[in-house]
Amino acid sequence: MIRSLFSAPKFRTLVSYTRSHIQHRKFHTNLLAMASHDAQFKSAKEKLGTLKEDPGNMAKLQLYALFKQASIGDCNAKKPSMVDFVGKAKYDAWNKLKGMSHDEAQLNYIKTVNELVAAEAPAKTEHSGSTGNYKFLIVECKDSIFKITFNRPNKRNAITIDMYYEIINALQEATTADCSIAVVTGAGEYYCSGNDLNNFANVAPENISAMAENASVILGKFVGAIIDFPKPLIALVNGPAVGISVTALGLFDAVYASDKATFHTPFSSLGQSPEGCSSYVFPKIMGTAKASEILLFNKKLTAKEAFERNLVTEVIPHGSFVEETEAKMKLFASFPPQSMKFSKVLCRNNEKELLYRVDENERKLLVERWQSKECADAIMAFFQRSSKM
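Adding 1 to a residue's 1-based position in the sequence shown gives its number in my numbering.
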């Protein structure tokens with residue numbers, strides 16, 4: 002009876018109708034989902050334009066590749082030359098998505114944009130004693146302390162070209178402000194992750210030479226502003242420090258570090274060379290062998306190691322870092338300001354001209370390095386590693 006029922010023409014017709022109905026509904030559901038993704042994809046493109054800060058090269062490469070994959074499919078572009086490291090990085094990022102479906106690429110693009118929008122820092126609030134009009138810094142003058150805080154926590158306080166100018170302006174303002182000392186620190190987990198590689202990435206091959214010369218001028222003004230600063234200049238290194246934010250510490254009058262801070266100058270791995278007068282100051286305070294380990298061989302120092310090598314004045318437990326450094330800064334700011342200024346002149350002026358020459362020589366070499374194939378390949382490799390994260 003059961004066998005005859007399952008072989009009956011009516012049952013076969015019913016099964017055929019049911020399958021057809023299910024397939025139709027599935028197709029209809031897929032169409033609705035695709036339409037929904039298209040709408041969300043369009044909305045994500047619009048949201049991307051509302052970001053207040055540059056999302057950084059890693060995110061931009063990822064978004065570029067996902068957008069191309071969602072819009073065109075597998076990479077069909079001509080492979081750029083090795084000299085065009087930006088174009089090469091874009092090509093490689095897109096090509097790595099080979100085989101990803103239109104739908105999956107759209108969903109990943111939507112997810113990435115939504116994460117960037119959600120992670121963007123809220124509008125900066127007013128701070129007591131705040132001064133000037135700064136976008137990338139929090140600048141305060143209170144209780145005779147002029148405090149400069151790097152304020153790009155979502156970018157690990159990486160320094161853009163505009164941020165360099167802001168730091169220079171802030172130091173000039175501190176020179177004449179009613180304060181006894183100046184303090185530099187970072188917002189968030191990082192002190193500073195060094196140069197934002199966007200400074201070097203978004204440059205056409207024919208403009209690299211002009212970019213290198215311009216960057217050298219800006220760097221010279223930045224280093225000069227620190228060398229010439231007449232009051233005690235103190236760094237409060239609240240977390241990891243990289244590149245120029247490490248090398249410049251040798252020009253500060255005191256450096257207090259959280260025990261979670263690290264100090265890294267990866268110049269060789271990026272095809273670059275030392276800056277911030279570190280080629281002179283680091284061997285002077287550490288000895289040649291220890292300085293070479295950092296400047297040539299990219300050794301990352303712990304706070305304890307930086308203290309042992311005389312780059313750091315004192316290491317303070319991270320849990321009490323803010324409280325202890327605030328107390329120290331208030332104490333220092335209570336000292337007679339003219340006495341501190343004149344004492345600094347005695348300590349620093351003998352080497353000023355030498356430091357200017359060291360900085361000039363370092364920058365001449367950097368202009369060459371920034372235009373070298375080694376540097377281009379290293380930065381491209383960095384972008385490629387970042388795009389995989």
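From the three backbone atoms N, C-alpha and C, an ideal C-beta is built for every residue, glycine too.
Note that this is a predicted model, so its numbers are computed, not measured.
Item to check | Distance between beta carbons of ALA60 and LEU117, contact taken as under 8 angstroms | outcome: Sure, about 6 angstroms apart at Cβ, within 8 angstroms.
Item to check | Chain-order list of residues whose beta-carbon lies under 8 angstroms from that of TRP371 (same chain, five-residue window excluded) | outcome: Same-chain partners within the cutoff: PHE201, ILE209, MET212, ALA213, ALA216 and GLN273.
Checklist entry - Candidates ASP197, GLN41 and ASN96: which alpha carbon is nearest GLN385's? => result Ranking ASP197, GLN41 and ASN96 by Cα distance to GLN385 puts ASN96 first.
Checklist entry - Taking the beta strand (DSSP E) that ALA183 falls in, what are its first and last residues? => result It spans 182-187 - the beta strand (DSSP E) in which ALA183 sits, taken as one unbroken run.
Next on the checklist: Taking the alpha helix (DSSP H) that VAL346 belongs to, which residues open and close that run?
Outcome noted: Run containing VAL346: 338-349, per the alpha helix (DSSP H) assignment.
Checklist entry - Do PRO233 and ASP254 have their CB atoms nearer than 7 angstroms? => result Yes, these two residues count as a Cβ contact at 7 angstroms.
Item to check | Backbone CA spacing between LYS156 and PRO231 [nearest angstrom] | outcome: When rounded, the distance between both Cα atoms is 31 angstroms.
Checklist entry - Quick one: Cα of LYS125 to Cα of GLU54, how far? => result Since pLDDT at LYS125 reaches only 46, below the 50 mark, its modelled position is unreliable, and the value read off the structure follows with that caveat. Across the structure, LYS125 and GLU54 are spaced so that their CA atoms are roughly 13 angstroms apart.
Checklist entry - Residues in its own chain within less than 6 angstroms of GLU375 by CB, not counting five upstream and five downstream? => result Same-chain partners within the cutoff: GLY272.
Checklist entry - Is THR266 helix, strand or coil by DSSP? => result Coil.
Checklist entry - Hey, out of LYS80, THR150, GLU327 and MET287, whose CA is closest to VAL313's CA? => result Taking each of LYS80, THR150, GLU327 and MET287 in turn and checking the Cα distance to VAL313, the smallest one comes out for MET287.
Checklist entry - Which of the three DSSP states, helix, strand or coil, is assigned to ASN196? => result In the displayed model, ASN196 falls within a strand according to three-state DSSP.
Next on the checklist: I'd like the list of long-range same chain contacts for VAL247, defined as Cβ closer than 6 angstroms, with 5 residues on each side in sequence excluded.
Outcome noted: Taken in chain order, the residues that qualify are PHE264 and THR266.
Item to check | Contained alpha helix (DSSP H) runs [length at least 4] in the region 61-106, N- to C-terminal order | outcome: Contiguous alpha helix (DSSP H) elements confined to the region 61-106 occur at 86-96, taking only those with 4 or more residues.
Item to check | Ordered list of beta strand (DSSP E) runs contained in the region 196-259, each at least 3 residues | outcome: If one requires a minimum length of 3 residues, the beta strand (DSSP E) runs lying completely within the region 196-259 are 234-238 and 255-259, in chain order.
Next on the checklist: Rounding to the nearest angstrom, what Cα-Cα distance links SER1 and ALA159 in this structure?
Outcome noted: Examination of residue 1 is not possible in this model, given that the chain is present from 2 through 390 alone.
Checklist entry - My guess is that MET341 and SER181 are in contact by the Cβ rule of under 8 angstroms, so how many angstroms apart are they, rounded? => result Indeed, because the Cβ distance is near 7 angstroms, the residues count as touching under 8 angstroms.
Item to check | Residues near LEU49 in its chain [Cβ-Cβ closer than 6 angstroms; skip 5 each side] | outcome: VAL114, listed in sequence order.
Next on the checklist: Using a 10 Å radius around the Cβ and a threshold of 16 neighbouring Cβ atoms, would you call ASN239 buried or exposed?
Outcome noted: Classification for ASN239: buried.
Checklist entry - If you compare alpha carbons, which of LEU172, ILE111, SER72 and LYS69 is closest to GLU47? => result Among LEU172, ILE111, SER72 and LYS69, the Cα nearest to that of GLU47 is on ILE111.
Item to check | First and last residue of the uninterrupted alpha helix (DSSP H) at LYS365 | outcome: Per DSSP, LYS365 belongs to the alpha helix (DSSP H) from 353-371.
Checklist entry - With burial defined as no fewer than 16 other Cβ atoms inside 10 Å of the residue's Cβ, what is the status of ILE73: buried or exposed? => result Its Cβ having fewer than 16 others within 10 Å, ILE73 is exposed.
Checklist entry - Along the chain, where does the alpha helix (DSSP H) that runs through GLU190 open and close? => result First-last for GLU190: undefined, no H or E at that position.
Item to check | DSSP three-state assignment for VAL313, whether helix, strand or coil | outcome: VAL313: coil per DSSP, three-state reduction.
Checklist entry - How about LEU1 and ILE228: do their beta carbons lie closer than 7 angstroms? => result Residue 1 is absent from the structure shown; the chain starts at 2 and stops at 390.
Next on the checklist: Suppose the cutoff is 6 angstroms on Cβ atoms and the five residues either side in sequence are ignored; what does the same chain contact list for ALA241 look like?
Outcome noted: This sequence places Pro at residue 241; Ala is not what is there. Cβ within range, chain order: TYR191 and THR263.
Checklist entry - What number of angstroms, rounded off, separates the C-alpha of ILE219 from the C-alpha of ARG153? => result Annotation: ILE219 to ARG153 spans about 20 angstroms, alpha carbon to alpha carbon.
Next on the checklist: Along the chain, where does the alpha helix (DSSP H) containing ILE168 start, and where does it finish?
Outcome noted: DSSP places ILE168 inside the alpha helix (DSSP H), whose first and last residues are 162-177.
Checklist entry - If we ignore side chains and look at the alpha-carbon of each, how far apart do ASN299 and ALA334 end up? => result Put simply, the backbone Cα of ASN299 is about 36 angstroms away from that of ALA334.
Checklist entry - Roughly how many angstroms lie between the CA atoms of ALA171 and SER269, to the nearest whole one? => result Whole-angstrom Cα-Cα distance: 31 angstroms.
Checklist entry - Are the CB atoms of PHE147 and ALA119 nearer to each other than 7 angstroms? => result The answer is no: Cβ separation not under 7 angstroms.
Item to check | Span of the alpha helix (DSSP H) around THR150 | outcome: Annotation: THR150 is outside any alpha helix (DSSP H); the continuous beta strand (DSSP E) that includes it extends over 146-151.
Checklist entry - Exposed or buried, ALA106, counting other C-beta atoms within 10 Å across all chains shown (16 or more means buried)? => result Residue environment for ALA106: buried (at least 16 other C-beta atoms within 10 angstroms of its C-beta).
Checklist entry - Exposed or buried, which one is ASN196 when buried takes at least 16 other CB atoms within 10 Å? => result Only buried fits ASN196, as 16 or more other CB atoms lie within 10 angstroms of its CB.
Checklist entry - Alpha carbon to alpha carbon, what distance is there between LEU52 and LYS79? => result Each residue's CA atom was taken as its position, placing LYS79 and LEU52 some 31 angstroms apart.
Checklist entry - What do you get for ASP360, buried or exposed, if any count of 16 or more other CB atoms within 10 angstroms of its CB means buried? => result Result: buried.
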